Structures are given as C-alpha cells and as structure tokens.
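The opening residue of the sequence shown carries number 2 in the numbering used here; numbering runs sequentially from there.
Where is the CB? At the ideal position from N, CA and C, for every residue including glycine.
Quick caveat: nothing in here was measured; it's all calculated off a predicted structure.
One structure is given here, and the rest of the page talks about it.
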Amino acid sequence: MAVTPLHVHIALHYHVSPEQWHMLSVPIHRQYADDLVAAGLLQGSRDAGYEKTDGLAVWIDAICSTPFPVKRWVMPAARQALAAVEGETP
2 MAVTPLHVHI ALHYHVSPEQ WHMLSVPIHR QYADDLVAAG LLQGSRDAGY EKTDGLAVWI
62 DAICSTPFPV KRWVMPAARQ ALAAVEGETP
C-alpha cells in the first residue's frame, strides 16, 4: 500500500484528537482509515470509530523528523559527472 496525503491527514487527526474523523461516513475515507488499522496505526473503538495506537505516534514522529527537501542546482552537462561522483544513476 502506498501512503497518500489522505492517510497522513487522517493519522494526524487521530494523533491530536480523541474525536472521530468527521468524514468517516464517506466510504473512501473509511477505507483509508481501515488501511491505517491494517498497518497497526489505528484500532477500532467502542463507538464504531477508531483510536490511535502507540504505532501511530511512532509514525507521526518519523514524519515530523523528516527534513524538508533541499533544492540542488546542477548544470545539465555536469549531471553525469556529478552522478558518477555521488554513485547515482544519471
């Protein structure tokens, strides 16, 4: 399963709120929440909704510790040389 922005959005909601996700009545939103259950990040709750697991906190911490991307300017003619130095495929 590929992680989508909607997975992250739902996960962030449950990370900060005990309230149920307001869009659970929409089938695709429930499916995405079920994906998080299958991954062990959410679990079912008594009110037919979801609640976070310890795994959710670990995943959110990992997302939050990921740095922003860095822009790198490279001359097209030098790309192969740079790739060879960095061990990348041009």
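* To do: Indicate whether Q44 and Y33 have their beta-carbon atoms separated by less than 9 Å.
  => The Cβ-Cβ distance between Q44 and Y33 does not fall below 9 Å.
* Check whether the Cβ atoms of I61 and A3 sit closer than 9 Å, and answer yes or no. => If you check the CB distance, I61 and A3 do not come in under 9 Å.
* Asked: Rounded to whole angstroms, how far is the Cβ of K72 from the Cβ of H16, which I believe are closer than 8 Å?
  -> So it is not a contact: roughly 29 Å between Cβ atoms.
* **Boundaries (first-last residue) of the beta strand (DSSP E) holding G45** => In this chain, the beta strand (DSSP E) harbouring G45 covers L43 to G45.
* Asked: How big is the Cα-Cα spacing for D55 and L42?
  -> Roughly 7 Å separates the two Cα atoms.
* Asked: Do you know offhand how far C65's Cα is from V86's?
  -> Between the alpha carbons of C65 and V86 lies a gap of roughly 31 Å.
* To do: Quick one: measure Cβ to Cβ for D36 and H8, integer angstroms, because I've assumed they're closer than 8 Å.
  => With a beta-carbon spacing of about 6 Å, D36 and H8 fall inside the 8 Å limit used to define contacts.
* If we ignore side chains and look at the alpha-carbon of each, how far apart do V75 and P68 end up? -> Take the alpha-carbon of V75 and the one of P68: they are about 21 Å apart.
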